[in-house]
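Take a look at the structure set out below.
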Amino acid sequence: MKMRAGLLLGALCSCLACLSPPSAARRAPTHSGADALPAISATERAMMDATNRERAAEHLSPLRADARLVRAAQLQARQMARFGVMAHDVPRAEYPTFASRLEYARYPYRDAAENVARGYGTGTSVITGWMNSPHHRANMLAPDFTQVGTGFATDGAGERYYAEVFGRPVR
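Here my numbering = 1-based position in the sequence shown + 39.
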């Protein structure tokens, strides 16, 4: 089992927050897995759609939404918002590590990765920011990933937190 993580610095988040990707038709992500997909916000759907547009531009297969990865991503976005930090590890949180979140979501993986960010104005702008970061871009365009989950939350001051989790399940 492998895990990768990408971390975007707050300064980069601020600098790239006003970038917007080219417009494209929105399509609902394909769902996989036995669990029903949890409710996802328009922001989370926009993140999935934008990620799959980037993959299509590179002639890669689209990622399928997976209920377990959505739960893991939503959990991380909420934890970051609650503690006011952008990080892969949130020591005071109930599920402080990426591995603990994947275990909580019951996602058996061969490979998994997580991108996190804060401060972007929209779900599509965070994807643009990640595409401008080599480590985040590598996670988004990894050909071995087949599934995705996205998470978005705001804190009490309105700061926006994002998480995107990529996976390749054990078969």
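Note that CB positions come from ideal geometry on N, CA and C, so glycine has one too.
(Q) Helix, strand or coil for Y159? Go by DSSP, reduced to three states. (A) coil
(Q) Looking at the ligand GTP, does it come within less than 7 angstroms of E97, judged from the CB to the closest heavy atom? (A) Inclusion of the ligand GTP in the displayed structure is not the case, the ligand content being empty and no account of it being possible.
Q) In terms of DSSP beta bridges, what is V204 paired with? A) E153, G188
Q: Using three-state DSSP, classify R210 as helix, strand or coil.
A: coil
Q: Inspect the beta-carbon positions of Y200 and R140 and report whether they are closer than 8 angstroms.
A: no
(Q) Quick check: what's the CA-CA separation for T167 versus E198? (A) 18 angstroms
Q.
Taking the alpha-carbon of Y159 as reference, which of T193, M87, A95, F137 has the nearest alpha-carbon?
A. T193
Q: May I ask which residues mark the beginning and end of the alpha helix (DSSP H) holding N91?
A: 81-96
(Q) Measuring only the C-alpha atoms, how far is F184 from F137? (A) 16 angstroms
Q. Could you give the residue range of the alpha helix (DSSP H) that holds A138?
A. 137-143
Q.
At the level of alpha carbons, what is the spacing between M87 and R94?
A. 11 angstroms
Q | Bridge partner(s) assigned by DSSP for R199 | A | T193
Q) Who pairs with Y148 in a beta bridge, going by DSSP? A) P208
Q | Residue of A75, E97, A116 minimising C-alpha distance to A202 | A | A116
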